[in-house]
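Colleague: Chains as they are written, first to last, in our numbering: chain A, 852 to 1118; chain B, 104 to 719; chain C, 10 to 206.
Quick reminder that beta carbons are idealized off the backbone N, C-alpha and C, glycines included.
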Amino acid sequence: MPKSATDIRHFIIAGVLVAITTVLLDLLLKAILPMPVQGSHQAQVIDQLTSWHLTLIAFLFSLVVVIMLYSLFVFRKKDGDESEGAHFEGNTVLEIAWTVIPLIVVFVFGFFGVRALSDVTRAAPDEITVNVTGFQWSWLFEYPDSGVASNELVLPVDRAARMDMTSRDVIHSFWIPEMRVKQDLVPGMTTTLRFTPSVTGEYTVDCAELCGLSHYSMVAPVRIVEQAEYEQWLAERTAGTAPALAQTGDETDADTDVETDADAQSN
Amino acid sequence: MTLWSLGLVRGVVGQIVGFAAGMALVIASRLLFGFDPVWNQEPALVGGIIIGSIGFLIGVGALTDWFKWMRGIETPLHHGPPHGRPAWTRYFGVDYNHKVIGIQYGVTGIILLGIGGMFAVIFRTELAASGFQFLNPSNYNTYLSMHGWAALAAILLGIGGMANYLVPLMIGAEDMAFPRLNAFAFWINVPGIITLLMSLNYGWDGGWTVYPPLSVLGPVGYQFTFWAVFLIGLSSILGSLNLIVTILRMRPPGMSLFRMPIFVWAVFATSLIQLTATQFIGQAFLMLSFERLLGMGFFDPDKGGAPILFQHLFWFYSHPAVYIFVLPGLGIISEILPVFSRKPLFGYRWIALSSIAIALVGFLVWGHHMFTSGYGEYLRVPFMISTLLVAVPTGVKFFSWLGTMWGGKLSFPTPMLFVLGAISVFLIGGLSGPILATTATDLFLHDTYFVVGHFHATIFGGFVFPFFAAIYFWYPKITGRMYDETLGKIHFWLMTPAFWTMSLGQMSVGVMGMRRRIADYDPALGVEFGHVLVTIAGFTIAFSVLLMIYNLLHSAETGRVAGNNPWRSRSPEWQIPSPAPEHSYASPITVVGEPYDYGIPNSTYVHMAPLAAADD
Amino acid sequence: MTTVTAALEGYTQQLRNNRMGLWLFFISEAFLFGGLLVTRFYLWGNTRPELDQTIGLIVTGVLLLSSFSMNMAETAIEHGDRRTFLGGLAVTAVLGLVFLIGVMVFEWGLFPAIYEGHLKPGDNVYGAVVFAMTGMHALHVISGIIFIAIVWNLGRKGGFSPERHWGVESCAIYWHYVDVVWIFFYPALYLIGTVAH
Ligand code: HEA
Ligand code: HEA
Ligand code: CUA
Ligand SMILES: [Cu+2]
Chain A
852 MPKSATDIRH FIIAGVLVAI TTVLLDLLLK AILPMPVQGS HQAQVIDQLT SWHLTLIAFL
912 FSLVVVIMLY SLFVFRKKDG DESEGAHFEG NTVLEIAWTV IPLIVVFVFG FFGVRALSDV
972 TRAAPDEITV NVTGFQWSWL FEYPDSGVAS NELVLPVDRA ARMDMTSRDV IHSFWIPEMR
1032 VKQDLVPGMT TTLRFTPSVT GEYTVDCAEL CGLSHYSMVA PVRIVEQAEY EQWLAERTAG
1092 TAPALAQTGD ETDADTDVET DADAQSN
Chain B
104 MTLWSLGLVR GVVGQIVGFA AGMALVIASR LLFGFDPVWN QEPALVGGII IGSIGFLIGV
164 GALTDWFKWM RGIETPLHHG PPHGRPAWTR YFGVDYNHKV IGIQYGVTGI ILLGIGGMFA
224 VIFRTELAAS GFQFLNPSNY NTYLSMHGWA ALAAILLGIG GMANYLVPLM IGAEDMAFPR
284 LNAFAFWINV PGIITLLMSL NYGWDGGWTV YPPLSVLGPV GYQFTFWAVF LIGLSSILGS
344 LNLIVTILRM RPPGMSLFRM PIFVWAVFAT SLIQLTATQF IGQAFLMLSF ERLLGMGFFD
404 PDKGGAPILF QHLFWFYSHP AVYIFVLPGL GIISEILPVF SRKPLFGYRW IALSSIAIAL
464 VGFLVWGHHM FTSGYGEYLR VPFMISTLLV AVPTGVKFFS WLGTMWGGKL SFPTPMLFVL
524 GAISVFLIGG LSGPILATTA TDLFLHDTYF VVGHFHATIF GGFVFPFFAA IYFWYPKITG
584 RMYDETLGKI HFWLMTPAFW TMSLGQMSVG VMGMRRRIAD YDPALGVEFG HVLVTIAGFT
644 IAFSVLLMIY NLLHSAETGR VAGNNPWRSR SPEWQIPSPA PEHSYASPIT VVGEPYDYGI
704 PNSTYVHMAP LAAADD
Chain C
10 MTTVTAALEG YTQQLRNNRM GLWLFFISEA FLFGGLLVTR FYLWGNTRPE LDQTIGLIVT
70 GVLLLSSFSM NMAETAIEHG DRRTFLGGLA VTAVLGLVFL IGVMVFEWGL FPAIYEGHLK
130 PGDNVYGAVV FAMTGMHALH VISGIIFIAI VWNLGRKGGF SPERHWGVES CAIYWHYVDV
190 VWIFFYPALY LIGTVAH
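(1) Got a sec, what are the start and stop residues for the alpha helix (DSSP H) residue 877 (chain A) sits in?
(2) For residue 680 (chain B), which option in B:495, B:172, B:668 and B:598 has the closest C-alpha, if you only look at C-alpha atoms?
(3) Ignore the nearest five residues each way along the sequence and tell me which others in residue 715 (chain B)'s own chain have a CB closer than 8 Å to its CB.
(4) May I ask which residues mark the beginning and end of the beta strand (DSSP E) holding residue 1033 (chain A)?
(5) Using a Cβ-Cβ distance under 7 Å, would residue 2 (chain C) count as near chain B?
(6) Is there a Cβ from chain A that is less than 7 Å from the Cβ of residue 332 (chain B)?
(7) Take the Cβ of residue 68 (chain B) as the centre, count every other Cβ of all protein chains shown within 10 Å, and call the residue buried at 16 or more, exposed below.
(8) Can you say whether residue 488 (chain B) is buried or exposed, counting buried as having 16 or more other CB atoms within 10 angstroms of its CB?
(9) Restricting to Cα atoms, I'd like to know which of C:198, C:150, C:204 and C:202 is closest to residue 76 (chain C).
(10) In the structure shown, what three-state DSSP assignment does residue 309 (chain B) receive?
(11) Is any heavy atom of ligand 2 found at a distance shorter than 6 Å from the C-beta of residue 247 (chain B)?
(12) What are the boundary residues of the alpha helix (DSSP H) that residue 181 (chain C) is part of?
(13) Using a Cβ cut-off of 8 Å, pull out every chain C residue sitting near residue 378 (chain B), in sequence order please.
(14) Kindly identify the DSSP beta-bridge partner or partners of residue 1001 (chain A).
(15) So, at 6 Å on beta carbons, what are the nonlocal neighbours of residue 1097 (chain A) in its own chain, with the 5 sequence-adjacent residues on each side left out?
(16) Taking 7 Å as the threshold (C-beta atoms), are residue 534 (chain B) and residue 1022 (chain A) in contact?
(17) Quick check on the DSSP output: the alpha helix (DSSP H) that includes residue 267 (chain B) runs from which residue to which?
(18) Below 8 Å CB to CB, which residues in the same chain sit around residue 194 (chain B) once its five sequence neighbours on both sides are set aside?
(19) Could you confirm whether any beta carbon from chain B is found closer than 7 Å to the beta carbon of residue 126 (chain C)?
(20) Indicate, with yes or no, if ligand 6 has a heavy atom lying under 6 Å from the CB of residue 486 (chain B).
(21) Would the region 884-893 of chain A and the region 599-617 of chain B be scored as touching if the rule is three or more Cβ pairs under 8 Å?
(22) Are any of the Cβ atoms in chain B nearer than 7 Å to that of residue 70 (chain C)?
(23) Would you check whether ligand 3 has a heavy atom nearer than 6 Å to the C-beta of residue 549 (chain B)?
(24) Is residue 982 (chain A) helix, strand or coil by DSSP?
(25) Output the distance between the C-alpha atoms of residue 514 (chain B) and residue 344 (chain B), rounded to the nearest integer angstrom.
(26) Going by the beta-carbon positions, is the gap between residue 665 (chain B) and residue 598 (chain B) smaller than 7 Å?
(27) Would you say the beta carbon of residue 71 (chain C) is closer than 6 Å to some non-hydrogen atom of ligand 1?
(28) Comparing C-alpha positions only, which one of B:290, B:589 and B:465 sits nearest to residue 658 (chain B)?
(29) Please classify residue 545 (chain B) as buried or exposed, where buried requires at least 16 neighbouring CB atoms within 10 angstroms.
(30) Using a beta-carbon distance cut-off of less than 7 Å, what residues from the region 394-413 of chain B approach chain C?
(31) Residues in its own chain within less than 6 Å of residue 892 (chain A) by CB, not counting five upstream and five downstream?
(32) In whole angstroms, give me the CA-to-CA distance for residue 706 (chain B) and residue 939 (chain A).
(33) Quick check: what's the CA-CA separation for residue 899 (chain A) versus residue 279 (chain B)?
(34) Using beta carbons (cut-off 7 Å, strictly below), is residue 615 (chain B) in contact with chain A?
(35) Let me know the secondary structure DSSP gives residue 29 (chain C) once reduced to three states.
Take a look at the structure:
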């Protein structure tokens, strides 16, 4: 074992250990990361950025923890040794280095962050618009082009969708985990969320903003289907052959819900 | 000695009387102005809260001296145990000694942390399985919200405890600059806490963020929360004012700013935030209260108001507040690390200035909590970049800590273990920050348990672990006795793995799609196992904290006598007897060296003029 | 060191602490008032409600005048002139009261028998913000008047001297501070933006 704390061998050993742990941790993180299905084009962008973040986390975590553990074991006080550690108070070059390098990393991630953000919010030419209304504790989806209203969100796969959203009472938040993106519904204003589903299947849209008593159950079904099936569904709806809108979509009913909330909580 | 001679008892009686008087006042004036004076109505309760708090302060005696000043009566600053009563009673009443006030803050903080933690283990038990076991959604929301505010208020009290006890000692000052204000700032917390607990009776469900319109529509319990937070915030403002003056004006000769113990720098940076930003949450909560009382439409879109305005006001305080929570803790880490590494603090100036940098940049990042809120999209990018920037000064701290340990002579008694635990835990907390900061990834992670994992890690790493380290480290100075080392180590080895499990468990269920603040979840998510682990971990943490409390109480009587300086620290407070005497420094001290020059034989930091009242 | 000089040194020490403390308090309060201005600009943008310009001008003038009388009182005690000191304080307090009554009667319409106000707090954001800003400011004026009353009473009983009058000094600075806040509030409420209907 090298004696002096500034012996180059210490740094080489620690450096190698950091590198090994980084690789292992990176592999491990990416192997066990329990992300939901990657269900939209936006999800691809976001997952890519996430994976870069994970690599950075793996590296920085290893850097700090390995060096810390290394010090704990190597520079441990031996029994009966009452002497003090080497006297060095700092090193300006090092301090500047570990200010400037993270600064660069920050700007790199800032750059990719901005790029990813503009990717996931970009408008597409041929969007399907759905007017989404949230209220305690249910969802209403209206398709302005065909006049259809529904409690279930049905969208064709591989086609950009645009949600124009508002709320009747308190703040809610629209989130389909598989699409990744999320946006609040604010009373008194319209917010917009865009995503392009890429995998057919059945999902749920979950309310992600605490909105009172039944926030936990403010969930609505989502179906991503082929274009043809989507058109058929719309046609059925317009023809009125589909079952009537569930009761909760009704304005008066929503109000009763609010009252039950207040009742339930005041006693 | 009678019960009545305890200030606390008089205060509580004062609060009850005041509450009744306040309600009566409101009802009477409503009668006078021809409103319908319905019993138990919100305005009456708010009147009760306000007058009740004043009643408490009068009862406990926090205003007595000031009332005398108003009548032109001089009030000498009495120092020392109360006359004709057992010495312990001073902890239950107004006392102007900063060490007493520090203990009062600290103990109240621990109790409140226990209360907050108890709410957590209760709702965690419910979450261990899907479906409703013993809580209904309404209870769940109330307990969750109470957990948030009780725990956060506990942090404010905890750092108040550390700052008040340590800062004057560390800079060799006789006391704080304004001892009466100091006592007032502590005592105003107590009616605040009582008010917060009263909210349980009515319930409230907004989470700690109480976003309108929900908080305007919900039950009247909200009013109690608003005013409780207002009172606790007032304490922050006055306490930080006092600390800033103390730090800037009460230092001994020779102690330039860059020769202060590093913890004092951390407290200074914290106080800058507390002094200014706290006004915003006070204002925001007042606006909510009055929107409920008078229908003032600040946040009501029907009246032209804007719900998002509240979020701006709230986070303009509450983001800097998270740095209030951690800066003192990071200061504790920097303070204790050199002692057990027997090496100078690496890059003292950089660490000192990084606290200030974190505090200042922290003012520019609040919008990262609002990426999905619907504010102007152009705001997302500047908030993303500014948030990422905070990583830089925080990194400086981490790397400097590594530099401090590297090549030292490390030993590992309990305080050092908690410091090391704090570093590792704060690291995962901090590293889970940038992924939330890059907006696109936050669109996925926002309002999931990933965020919950992130902030428990930062809070535990930045506050809870360092707080416990500080308690163990300064315990000998406070009581004169050593805590039980074995129990301390058991506490650490239970709490640390449990905490890792809890935090990583929360993050992973979050990534799987578990939303925050839901009373029940869909078993189809596959998160049940994760939740069981988190619950078990939560209980383990609670148990280990109970161990600590037992250790602290038990060792105060049976512990080995510690001596003046069991850790061989250079800091001035360790050069005086333990427990620290009533007047800490028998004569003024002079600073003659650097605070952390470990490794230079025979160098000292402070020169104690004729060591009059030395050991026994 | 004799005890007298030691005591004096203690007093100047404390005085410096007090001054710094007071200014820190003002910095803190500036954030409160700043927050109210932020609210005003966020919610009103470039509009403002219809308020009575004459009343606004009058109460602002009254408040400005009170700063002069306050200054007069402070200068007087520095020179040991107790009569002018007490008189100045009294005038200041009365002007403060006039300001308050003006706001309460004419802006708030608290006494509809005398004057019907034009805005109610619950009407819309205009009412809400007007009441929030004037209300928070009025709260400070009221506490300032109470402060003056206490100082006046102590001064009447022979308190304060040319050397030792921190109570007067802090009271005066506080009063000026509250005035300055109004200098920011007045244009924000009465002048900036176009009248909304
Ligand atoms: C208690 C303290 C605390 C601390 C210190 C932090 C620190 C940070 N926090 Fe955290 N945060 C909270 C408490 C805290 N947070 C709370 C309570 C919430 C939730 C509130 C609620 O909604 O209820 C929250 C939520 C929160 C959000 C919003 C999430 C959401 O709701 O969607 C974001 C988004 O940007 C965020 C980011 C960050 C960042 C970037 C840091 C940074 O300061 C971290 C910096 C540290 C490091 C990065 C690690 C060490 C650095 C290095 C090793 C150097 C090199 C590093 C790089 C180059 C990256 N936090
Ligand atoms: C100091 C801050 C702090 C602390 C210490 C904790 C501690 C814990 N927290 Fe929490 N937590 C928050 C701050 C904190 N938390 C905040 C701000 C929120 C957000 C709220 C919101 O969304 O609005 C939150 C939310 C939150 C959630 C999310 C709930 C949801 O979104 O639905 C969960 C879930 O797992 C959780 C769990 C826990 C657990 C298991 C602990 C455990 O560590 C608790 C362990 C127990 C103790 C530390 C107490 C031990 C002591 C005793 C039992 C003895 C009692 C003794 C006396 C009275 C003297 N917390
Ligand atoms: Cu709607 Cu939560
Ligand atoms: Cu934040």
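Modeller: Taking the geometry as given:
(1) 859-883
(2) B:668
(3) A caution first: residue 715 (chain B) carries a pLDDT of 45, below 50, which makes its placement in the model unreliable, though a value can still be read off. Cβ within range, chain order: 689 and 690.
(4) 1033-1036
(5) Outside the displayed span of chain C (10 to 206) sits residue 2 (chain C), for which this structure offers no information.
(6) no
(7) No information on residue 68 (chain B) is available, as it lies outside the stretch 104 to 719 that chain B covers here.
(8) buried
(9) C:150
(10) coil
(11) yes
(12) 175-195
(13) 33, 36 and 37
(14) A:992
(15) Interpretation of residue 1097 (chain A) is limited by its pLDDT of 47, a score under 50 that renders its predicted location unreliable; the figure taken from the coordinates is listed afterwards. 1002, listed in sequence order.
(16) no
(17) 240-273
(18) 203, 206, 207 and 210
(19) no
(20) By its list of ligands, the structure shown excludes ligand 6, since it contains just ligand 1, ligand 2, ligand 3 and ligand 4.
(21) yes
(22) no
(23) no
(24) strand
(25) 37 Å
(26) no
(27) no
(28) B:589
(29) buried
(30) 397, 398, 399, 400, 401, 406, 407, 408, 409 and 412
(31) 1047 and 1049
(32) 14 Å
(33) 53 Å
(34) yes
(35) helix
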